[in-house]
Structure formats: C-alpha cells, structure tokens
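Q: My structure is below; once you've seen it, I'll send some questions.
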Amino acid sequence: MMQVCLHGRPIARPLFSSISLQFVAGRARVRYCCSGLLEMTTFKREDLRRVFFSDLSEQCDEDLIYELCTQFGPVANITWPTIGNLTGGAQHKTFCFVDFRNAEDAKYCYEALYRSRVKMFGKELRVSHASTEMPLKESGSQVHHRHAVHELHEIGAKVVVRGVDLNVTDFDLTSFFGQFGKFAVPPRKVRDVEGNFRGVVILSYEDFAASDKVIDEMDQKVYRDRPISVAYAMMEDDSGRQHGTHEERENAKLFLEEARKHAERIEKEQAEHEREKARRRRENISWASGIDPFFRGQRP
1 MMQVCLHGRP IARPLFSSIS LQFVAGRARV RYCCSGLLEM TTFKREDLRR VFFSDLSEQC
61 DEDLIYELCT QFGPVANITW PTIGNLTGGA QHKTFCFVDF RNAEDAKYCY EALYRSRVKM
121 FGKELRVSHA STEMPLKESG SQVHHRHAVH ELHEIGAKVV VRGVDLNVTD FDLTSFFGQF
181 GKFAVPPRKV RDVEGNFRGV VILSYEDFAA SDKVIDEMDQ KVYRDRPISV AYAMMEDDSG
241 RQHGTHEERE NAKLFLEEAR KHAERIEKEQ AEHEREKARR RRENISWASG IDPFFRGQRP
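Here the UniProt record's numbering is used: position 236 in the sequence shown is 236, and no number is missing along the way.
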C-alpha cells in the first residue's frame, strides 16, 4: 500500500491536515494500460472498493485521476461515462468511478480527499464512498453524519463469518449481527471474481466488546439453519496475524477517548455560541430607535 507524500515527505495515515494539490499541463504523466483502465466492470452496491468523483473540471482526464488515486493504492478500473457532443464525438461527463483493488485503499482515498479539500484546476474535488453513502433500505441501519474520520475508522474489531446461507440479504445480516453492537461500516459480503456471494461475511464493529461477544455467542452455532464459524479476521498487512490484538485494543481506547473529548469540546463551543447570540440579542436596542416612550397619541 502506498503513502501520500507532500513535498517528498510521507503523510501519516489516516489523519490529514489541509492539503491543496494543483495540477498543471506540464506534469509528468504515468505510463499505464489505458484499455485496462477503461474496461467496464460491474460491482455490487455494497462493494466498498469504489470511490465516486463528481463535479470535475472539463480539463480533468483519466491520466490525472489515475495519477492522483495511485498514491493511495493500486487502481483496478476507472469508469468515466461520456455523452455525444455537437461534433459527433464523445465528451466526458463531470463525474467518474474509480475502483481500487481492495476496500482499504478506497476508504483511505476517500478519507484523505474528503478531509483535505483537494483542488484540481481550481475546483474542489467532491468524493463519496459506499461506507457513507449506502441507502438506508439496503444497509438496514441508520446512517449518522458524523465526523469523517470517526465514521470511517475501523478500530480492528473485525470478524469473519464463514458458512453463511447464500440467500441471506444485507438486511438480514445487519438486523441479526447488529444486535451485538454498532457497526463501524455495514457488513460486507465476500464475492468471487464473477460477483457471486461465497458465504463469507466481514463484520466490523465500533468496539471490541461487540466483536468479542459475537465470537463467544455465535462461533460454531447455527444461523439460518446452517452451522457457521466466527473468528477475528486476518490483518490486511500480510503479517499473518488476526485482528483483536492487545495493540489494537489499546489504540481503540485512545481513539474513543479522543472522540469523546472532541464531542464534548464541540458541545461546549456550541453552547457558548448560543449564549453569545442570546447576549447580543439582549444588548441590541436598534429596534427601539425612533420610538418616543412618552408619546400617548395615535400613530400616523
């Protein structure tokens, strides 16, 4: 997995400060197979490998988007719809879809660009990701517009469920396994190259209490008339270790504590703002200018 660099220095993941990227015509272009990038691929709605770019400048093209996105990870496909113009040629629309090879890179790309307010040709990039834009009917759960990092951050309370009924729906998964705790992201079905569900589901919870509970109560149990196994998923760094380590649990405590402090700080600032607004209303007597308090006659 690649890191984003600013002036040759790597930027820590996943938190970002304000970054502004400007692309000029004389940029260095990356060599790649154009036909492979433009190949159309069908993905399921719940597939988290896709990032949606919208409100793009007319000067943007596949080269720029590819060059930008490869800083976050390997790109599998770029789909850019076109429309016919007056000359009979094809003209790009102002949006495109970028499919990464894995969901973690797509999530990393979304989080970085969403927080950094990256601009291309003077227009701010607008990006969205399946983990935050899924319709409620498909996910079966309520989506709260929280802070971007807290919304996307998976602390490592990630378990894999094997042997699941192939006919199970997203709503069934969310309704049942949501009883053990809140999800960091909606449940993800593992599919083969043809898009067929393999009977394996990845669950990522907001805390380890929920992941520990679902493993203790559902491992080697029956779900929808089928025996299932539930265990912590393997880490994505190819280290051969499973999630749920002591380091992840300690980091989760720090993260949740910072999130709590942030929420308290925002609440305090909002309360102070409301008090200041009320004070200004009390002190504002401009509405009374021109009024004679001793006048007893009729107004004209």
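Where a beta carbon is used, it is the ideal one built from N, C-alpha and C, also for glycine.
(1) Mark G156 as exposed unless 16 or more other C-beta atoms lie within 10 angstroms of its C-beta, in which case mark it buried.
(2) Taking the alpha carbon of V193 as the reference point, which residue from T79, C109, N102 and R279 has its own alpha carbon closest?
(3) Quick one, are the C-beta atoms of R162 and V200 less than 7 angstroms apart?
(4) Helix, strand or coil for L56 per DSSP?
(5) Within 10 Å of its beta-carbon, does S211 have 16 or more other beta-carbons around it, so buried, or fewer, so exposed?
(6) Using only the alpha-carbon positions, how far apart do I202 and T79 sit?
(7) Give me the residue from F208, D170, L166 and N196 with the minimum Cα distance to A184.
(8) Sorted by chain position, which residues of the same chain lie with C-beta nearer than 7 angstroms to D55's C-beta, five sequence neighbours on each side aside?
(9) Can you name, in chain order, every residue of its own chain whose Cβ lies under 7 angstroms from the Cβ of R146, other than the five neighbours on each side?
(10) Just to check my reading of the structure: F72 and A130 have Cβ atoms closer than 8 angstroms, yes? What is that Cβ distance to the nearest angstrom?
(11) Excluding the 5 residues flanking E154 on each side, which residues of the same chain have their C-beta closer than 6 angstroms to its C-beta?
(12) To which residues of the same chain is R117 closer than 6 angstroms at the C-beta, ignoring the five residues directly before and after it?
(13) Please name the residue or residues paired with R126 in a DSSP beta bridge.
(14) Output the distance between the C-alpha atoms of E151 and Q220, rounded to the nearest integer angstrom.
(15) Starting from A233, trace the alpha helix (DSSP H) in both directions and tell me its first and last residue.
(16) Taking just the CA atoms, how far does F180 sit from L166?
(17) Let me check understanding here. Comparing Cα to Cα, which of F97, D99 and L68 lies closest to residue 325?
A: If we stick to the structure as given:
(1) Along the sequence shown, read from residue 1 onward, the residue named residue 156 stands at position 156. G156 should be labelled buried.
(2) Walking along the sequence shown from the start, residue 193 turns up at place 193. It is N102 whose Cα lies nearest to the Cα of V193.
(3) For the purposes of this step, residue 162 is identified with residue 162 of the sequence shown, where counting begins at 1. For the purposes of this step, residue 200 is identified with residue 200 of the sequence shown, where counting begins at 1. Yes.
(4) Taking the first residue of the sequence shown as 1, we reach residue 56 at position 56. In this structure, L56 counts as coil in the three-state DSSP scheme.
(5) Taking the first residue of the sequence shown as 1, we reach residue 211 at position 211. By the neighbour-count rule (16 or more Cβ atoms within 10 Å), S211 is buried.
(6) Stepping through the sequence shown from its first residue, residue 202 is reached at position 202. Stepping through the sequence shown from its first residue, residue 79 is reached at position 79. Those two C-alpha atoms are separated by around 26 angstroms.
(7) Along the sequence shown, read from residue 1 onward, the residue named residue 184 stands at position 184. Among F208, D170, L166 and N196, the Cα nearest to that of A184 belongs to F208.
(8) Residue 55 sits at position 55 when you count from the first residue of the sequence shown. If we look at D55 and ignore the five residues flanking it on each side, its Cβ neighbours are T94, K123 and R126.
(9) One-based indexing of the sequence shown puts residue 146 at position 146. For R146, the predicted model reports a pLDDT of 37, less than 50, meaning its position is unreliable and no value from the coordinates is stated.
(10) By one-based count along the sequence shown, residue 72 stands at place 72. By one-based count along the sequence shown, residue 130 stands at place 130. Actually they are not in contact, since the Cβ atoms of F72 and A130 sit about 16 angstroms apart, beyond 8 angstroms.
(11) The residue given as residue 154 occupies position 154 in the sequence shown. Cβ within range, chain order: A184 and S204.
(12) Along the sequence shown, read from residue 1 onward, the residue named residue 117 stands at position 117. Excluding sequence neighbours, R117 sits near E124.
(13) Locating residue 126 in the sequence shown gives position 126, where the first residue counts as 1. According to DSSP, R126 bridges with S54.
(14) Here residue 151 refers to the residue found at position 151 of the sequence shown. Here residue 220 refers to the residue found at position 220 of the sequence shown. Residue placement at E151 cannot be trusted, given a pLDDT of 40 that sits under 50; what the coordinates show is reported in the next sentence. The alpha-carbon atoms of E151 and Q220 are separated by roughly 31 angstroms.
(15) Taking the sequence shown and counting its residues from 1, one reaches residue 233 at position 233. No alpha helix (DSSP H) contains A233, which DSSP labels as neither H nor E.
(16) In the sequence shown, counting from the first residue as 1, residue 166 sits at position 166. In the sequence shown, counting from the first residue as 1, residue 180 sits at position 180. So the two alpha carbons sit approximately 22 angstroms from each other.
(17) The requested residue 325 is not part of the displayed model; the chain covers only 1 to 300.
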